[in-house]
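One structure is given here, and the rest of the page talks about it.
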Amino acid sequence: MATLIWNIIKGYNYVFDEIGDPRTKVWPLVGKPHIGMSLLVLYLFFVMKWGPAWMKNRKPFDIERLLIVYNIVQVIICAYCFIGAVQIWVTEYKWICQPVDFSYSESGLRMAKFVYYYYLLKIVDLMDTVSIVLELIYQLNAN
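The numbering of the sequence shown is the numbering used here, which starts it at 101 and goes up by one.
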């Protein structure tokens, strides 16, 4: 058992310390997976247990306007990331079998940032489900 744990620790260190992208190791939620995994666990607890229990005897929140603004901002930022990444990909990358660009070149770092922004957007996307819990759980329980 101790050997298994030791091998898991060595594998973890290898993946995240030795072969990880040195440009992104200091970026929040990228260098090590434990923060992102913790956010995901908290999200799941809220959506499946805490949120429904909290909203069980409450009226649903009226957050329609907030959700409209949220969705507009999401569309704008997703479009920015998509257009920026496609521009770099079309002009500076091959279409088939190109190795990862670990250089600190402007285009390589810009592409890494676009991927990072997209990743952050997916984490923010979890708020959609939170809003559904805040709006609909009461209505579902009432029926």
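Beta carbons: idealized from backbone N, C-alpha and C, even for Gly.
Within this structure, are the beta carbons of residue i and residue j separated by less than 7 Å?
i	j	result
Leu226	Tyr143	yes
Val169	Val233	no
Cys181	Tyr216	no
Ser207	Ile188	yes
How far does the alpha helix (DSSP H) with residue i in it reach, from first residue to last?
i	result
Met148	No alpha helix (DSSP H) contains Met148, which DSSP labels as neither H nor E.
In three-state DSSP terms, what is residue i?
i	result
Cys178	helix
Asp117	helix
Asp228	helix
Met137	helix
Gln198	coil
Met296	There is simply no residue 296 to check, as the chain begins at 101 and stops at 243 in what is shown.
Tyr112	helix
Trp106	helix
Ser207	helix
Phe161	coil
Use the C-beta contact count for residue i: other C-beta atoms within 10 angstroms, 16 or more gives buried, fewer gives exposed.
i	result
Met137	exposed
Val161	Here the sequence assigns Phe to residue 161, which means Val is not the residue at that position. Classification for Phe161: exposed.
Ala153	exposed
Ala212	buried
Met101	exposed
Phe214	buried
Could you tell me how far apart the beta carbons of residue i and residue j are, in whole angstroms, since I believe they sit closer than 8 Å?
i	j	result
Val230	Gly131	So it is not a contact: roughly 26 Å between Cβ atoms.
Ile223	Leu104	Between Leu104 and Ile223 the Cβ distance is about 31 Å, and since that is not below 8 Å, they are no contact.
Is residue i close to the ligand FAD? I mean its beta-carbon at under 6 Å from any heavy atom of the ligand.
i	result
Lys156	No copy of the ligand FAD occurs in the structure displayed, which carries no ligand at all.
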